[in-house]
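Going down the list, the sequences are from chains C and W.
Position one of the first sequence corresponds to residue 1 (the working numbering), numbered consecutively onward.
Position one of the second sequence corresponds to residue 1001 (the working numbering), numbered consecutively onward.
Before any comments, here is the structure.
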Amino acid sequence: MEFKDYYKVMGVARDATEAQIKQAYRRLARKYHPDVSKEKDAEARFKELGEAYEVLKTPEKRAAYDQLGTGPRPGEEFRPPPDWGSGFEFSGPGRGAGDGHGDYSDFFESLFGAARGGARGRREFSQDHHAKVMLDLEATLQGGARTFSLRIPDLDAEGRLVTKERVLNVQVPKGILPGQTIRLAGQGAGAEGSAGDLYIEVEFQPHALYRVDGRNLYLDLPVAPWEAALGASVKTPTPGGAVDLKIPAASHAGTTLRLKGRGIPAATPGDLYVVLQIALPAASDEKAKSAYRALADALPFDPRANLGV
Amino acid sequence: MSGEIVDQYTILSIEDLSRVCAVDREYIVALVEEGVLNVVAVEAAGWRFSGTAIRRARTALRLQRDLEINLPGVALALELLEEIAALRRALEVSRP
C-alpha cells in the first residue's frame, strides 16, 4: 500500500502549528474544490487534501501518524506497524471530504478505519444517489444507450460507508443539456420497491467540430477567398449529416450563417451557427505565386486603409 | 434502462427537494431566504421548486461543508461561479 505524506499534501512543515494547518487547508480547499476549481485533477487533489486535513487537524491522529515517521524507503511497501494505534484513542475517522464520503485511501483506512455515515447537518444516509458523467455530444443529438461506470457511496453489512462501482447501461434522453440531470427511478439505495432514485448529472466532452451554447451549436467553416468573395455552395457538416450550404457573395471572415433547427433537439430545437473563416492557399509553387501576383496587379486593395498609415 | 430529464420544467415540492439532497427542510428554507434557491410557485400544499434547484442546493451544501463558508458567502460564491461559467461559454463560442 502506498504511504501518504500528509504534510507534503498540505504543503506544511512537520512541526506546523494547528493554525498553520488550518490556514493551509482553507487555502488549498478553495483552490481545489471541485465546484470551484478548473484544475484537471481537482477532485483527486481535494479528496487527498480532505484526508490529510482529517489526520493533521486531530491531535490524536496526528500524533499517531507522526510515529510512522516519513514512510518507507522509495519502492518499499508500507505496512502499519504491529503495535499501531496502541496508546491512542481515535474518535472515528469523522466526516469524509467532498462528495466522497467514505472515499478514503487504503492507507487511511488501514490506520483509522472506514468512515461511518452521517456527517453534520446531513441525514444519516440518503436513499437517493447522485453521480456525474461526461457525455459525448452525439448522445444528446441522437439519443441512445451509453454505458456509465459510476462510483457510488453505499453502506456495507456493518453500516460502514464504502464506495461501490456500478456499471449501468442508460438510454440517454435526446436533447439533454450540460448541467441537467437524468433521473433513474428506483435505482438508488434500498430494497426493491422502496429504493431511492439515482440522479446522473451530465456534462459534455468537447467536440471536434461543434461548440455548445445552450441548445445552439457553433461550427467554424473554412472557405477559400474566392468562395467568400463570389459566393458559392459548399459541403458543410451538420449533426444530421452533410448539407450544401450557400455562401453569399461578399462574405468575410466572421460572417455567421444560421441553420435553423439543426442544433440540439427539443420541442423548439436549437440552431447551428456556421462561422466563416477565410483560408488562404499557400504560395508554395511558381504557379500559385504568379496567381497571387496577378491578383495584386489587378486589385487596388489596401487592407490597412482604415489604420491611418 | 431509461430515465427522465430533470430540468427547469420538473416541479418539486420542498419534501422532494430535501429528500433528494439529503438535507433537512430547514436547510432548504434557509437557502430560499438567502436567495440561493427560487420558489417557482406557491401552492396550497406549499412551495414548488424547479428541477434545477437540486444542483444548486447540492453545490451550496458542498461549498458550505467543505470550505466552511456561511450562507451569504455561499450565495455570493454561487453567483460568481455562474458568471464565470457564462463568461467561459461566451469565450468558447467566440474561439476561432
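The beta-carbon is built from N, C-alpha and C at its ideal position, and this holds for glycine as well.
Please read all numbers here as calculations on a predicted model, not as lab measurements.
Residue closest to residue i, alpha-carbon to alpha-carbon, out of the options
i          : options                                           : result
ALA242(C)  : LEU209(C), LYS61(C) and TYR199(C)                 : LEU209(C)
LEU272(C)  : GLY69(C), LEU230(C), ASP213(C) and ILE278(C)      : ASP213(C)
VAL1023(W) : VAL1074(W), GLU1092(W), LEU1061(W) and SER1013(W) : LEU1061(W)
TRP84(C)   : LEU111(C), LYS174(C), LEU245(C) and GLN23(C)      : LEU111(C)
VAL223(C)  : ALA266(C), LEU177(C), GLN277(C) and GLY193(C)     : GLN277(C)
LEU135(C)  : THR147(C), ASP128(C) and GLN127(C)                : THR147(C)
THR1010(W) : GLN180(C), ASP220(C), GLN142(C) and ALA195(C)     : GLN180(C)
GLU203(C)  : VAL133(C), ASP244(C) and PRO303(C)                : VAL133(C)
GLU138(C)  : GLY175(C), PRO82(C) and HIS252(C)                 : GLY175(C)
Beta carbon of residue i nearer than 8 Å to that of residue j
i          : j          : result
VAL170(C)  : ALA145(C)  : yes
ILE247(C)  : ALA228(C)  : yes
GLU39(C)   : VAL9(C)    : no
ALA42(C)   : ASP1066(W) : no
GLU54(C)   : MET1(C)    : no
THR70(C)   : ASP5(C)    : yes
VAL1042(W) : SER1050(W) : no
Rounded separation between residue i and residue j - CA only
i          : j          : result
GLY240(C)  : SER233(C)  : 18 Å
LYS287(C)  : ALA298(C)  : 17 Å
ARG151(C)  : ARG262(C)  : 35 Å
LEU1076(W) : VAL1036(W) : 9 Å
TYR104(C)  : GLU51(C)   : 7 Å
GLY254(C)  : VAL275(C)  : 6 Å
ALA249(C)  : GLN205(C)  : 35 Å
LEU295(C)  : ALA282(C)  : 14 Å
ARG1019(W) : ASN1038(W) : 17 Å
PRO269(C)  : ARG1089(W) : 19 Å
Three-state class that DSSP yields for residue i in the structure shown
i          : result
LYS57(C)   : coil
SER105(C)  : coil
VAL202(C)  : strand
PRO281(C)  : coil
ARG211(C)  : strand
ILE152(C)  : strand
ALA1041(W) : strand
PRO1072(W) : helix
CB contact check: residue i to chain W, cutoff 8 Å
i         : result
PRO173(C) : yes
ARG45(C)  : no
THR17(C)  : no
Cutoff 8 Å: residue i Cβ touching any chain C Cβ
i          : result
SER1050(W) : no
ILE1014(W) : no
ILE1011(W) : no
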